[in-house]
Each structure stands twice: as C-alpha cells, then as structure tokens.
Amino acid sequence: MTEERHRAYQYCSGLPGLEAVAISSDRTFPRHAHDQCGVGVVLDGGHRSWSGVGAVEAFAGDVITVNPGEIHDGLPIQARPRSWQMLYLDPVRLADLLHEELPREVEIARPALRDPVLAGRLTRLFSEIAAARPDAFAVEEEMVRTLMHLFARYGSRPAPRPGPPPFVARALQRLEDAPGEAATLAELAGLSRVSRFQLLRGFARATGATPHAYLIQQRVRLARRLLAAGRRPAEAAAEAGFADQSHMSRAFMRQFGVTPARYRASLA
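Counting along the sequence shown from 1, when you hit position 74 you're at 74 in full-length UniProt numbering, and nothing is skipped either side.
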C-alpha cells in the first residue's frame, strides 16, 4: 500500500470574504460543497471531478471552478499527486463586486476551462496573496480584473433545475436546518412516511451522497463558519455536532484539504 501524499497551505488574502489555498495531493476527496464561489488553476498533474454537468477532467494550466453549494468531488488521474491553487470568494462579496456590470444572479457555466489568459490572471492574483506582506490594494485590483474576465466570458444565469422529490427535500431541509443535532434514517424517512430503503435510494439519486455523508458535509461547513467567526476548534466541533475535535479535524481535512487549525490561523 502506497503512502498518501498531501500538502496544503492556507493564505490570508487581506480582503474580507476572499480565501486562498494551495494543495498538492494524491487524495480522493468525497462529494461535498462549499459555501463560496471557487476558482483556481491546476499547476501539475491531472484532476478528475464529478460535477453538476457530469464528469470533467482538468490538467496543468486548466482553470477549475465551482459554484456555491455545487456538489463535486475530486481524484487524481495519474497515480501521483496533482497540484492546484484555489481562491474562494463569499457570494455576498462576489455579488457586490459584480452587480454594476453583470446580472445579479450569475454562475460559472463550466467547471473546467482552457483559458491561458484567465489562468495567468489567477496565478498573478495568487502570487499577490501569497506574498510575505500582501498589498490589499493590489490584491483587490487583480481580483476585480480576474473576476470580470471570468464572468464576462463564462458567466450565465442559473438554469432552472428540477428539485429533488418532496420526501428527499424534507430530509435535506432537516439536515441543513440543524446539522448540529443527531439524526437517524428512521427520523428522516418518517418526515414523509417512506421506508428507510426508499429514503436511501432517493437521497443518493438526488444528491450523489448518503444522508449520513450529507450531514457530515453540513457539519463541516458549519464548523468552518464557526471558526471564521472566531470560535476555537473545540467549541466549533461541539456546536457543529461532532463527537469531539479530532472527529471534526478528520472530516474537515477530508473535505477542504486543510486542518481546522491551519484554516483558523489563516484568518488571523
């Protein structure tokens, strides 16, 4: 069995609502979602991901994107680590930056792009953020230029998507409303008076994940928001519903690629 290779660095951008992470990893990331809009560049190797438009592949030089709340996963194409840099921007901040130029409701139409100009802008923006002393003015200017290029070329209004069956929608609502509370299959199935088997099958078809996996995703996203709000890791773990801090740390690492401690330190 080969040893897993994984390195991740989280950077403070100096601007509210903008985060940056650099990862080199041969890990497979489970299906999950982010609260933010993500855009980045593959630096080395190849990356395969399931997305809302199906399976996609990206290689060195390609731009990769994800919309807020979009379910996706990730695994290496070759049997070696792939490396990428990713920027995550809060949706409210994004809407504030773009509202004068683009429709208020806009998303990135494609999860993988071959655009050398955009890749170059993203690389320069990341370099500004990763500098020993980031210049907030330079970061903001390059960010706006990069986002305008991205959304002017690849932005689109969200297409209407069929919602999940009502019994799945009720289960989703319960898990999203109270991720910190314990849940059971019997409880979720009972919300719509379906069997546990029906719930499992319908939930997986609608979301690509099991109810338990989806609950862990929601808990990790809640923990991330709590950490950003200043909670200590142990406090965030308890409020998000994890058994203890170590359980949260493992789930956080699997989903975001960085530890809660490193994420919290990047916000200081």
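Quick reminder that beta carbons are idealized off the backbone N, C-alpha and C, glycines included.
The region 189 to 204 makes no contact with the region 230 to 240; the number of CB pairs closer than 8 Å stays below 3.
Annotated three-state conformation of Asp35 is coil, per DSSP.
Taking C-beta separations shorter than 8 Å and ignoring five residues to either side along the sequence, the partners of Arg114 in its chain run Gly61, Asp62 and Val63, following chain order. Within the region 99 to 134, the complete alpha helix (DSSP H) segments at least 4 residues long are 116 to 130, listed from N- to C-terminus.
Of Gln78, Pro68, Val258 and Arg110, the smallest CA-CA separation from Pro91 is found for Pro68.
Leaving aside the five residues that flank Glu140 on each side, the residues in its chain whose CB is nearer than 7 Å to its CB run, in chain order, Leu15. Cβ-Cβ distances below 6 Å link Ala251 to Ile216 and Val220 in the same chain, with the five nearest sequence neighbours on each side left out; the list follows chain order.
Sequence-distant Cβ neighbours of Ser51 in its own chain, meaning closer than 6 Å and more than five residues away, are His72 and Pro111. Just so you know, the alpha carbons of Val41 and Gly230 end up roughly 30 Å apart. The beta carbon of Ala169 lies closer than 8 Å to those of Gly163 in the same chain, with the five residues before and after it left out. For Leu89, the enclosing beta strand (DSSP E) begins and ends at Arg82 to Leu89. Within the model, the alpha-carbon separation for Gly208 versus Leu172 is close to 13 Å.
By the beta-carbon neighbour count (other beta carbons within 10 angstroms, threshold 16), Pro166 is exposed. The residue from Val258, Thr146 and Ala109 with its alpha-carbon nearest to that of Arg121 is Thr146.
Residue state for Thr65 is assigned as strand, using DSSP reduced to three classes. Listed as beta-bridge partners of Glu19 by DSSP are Cys12 and Tyr88. In the DSSP secondary-structure assignment, Arg48 is bridged to Glu57 and Leu75. In the three-state scheme derived from DSSP, where H, G and I count as helix and E and B as strand, Arg225 is classed as helix.
Look at Pro160 here: in three-state DSSP terms it is coil, with no helix or strand label. The Cβ atoms of Ser83 and Asp44 sit closer than 8 Å to each other. Counting only the Cα atoms, Val39 lies some 12 Å from Leu94. Between Gly241 and Gly190, the C-beta spacing is not below 8 Å. Residues of the same chain with a CB within less than 7 Å of the CB of Ala261, apart from the 5 flanking positions on each side, are Pro233 in chain order. A residue is called buried when at least 16 other Cβ atoms come within 10 angstroms of its Cβ; Glu57 does not meet this threshold and is exposed. Ala22 is classed as buried because its beta carbon has at least 16 other beta carbons within 10 Å across all chains shown. Within the DSSP bridge table, the entry for His6 names Ser25 as partners.
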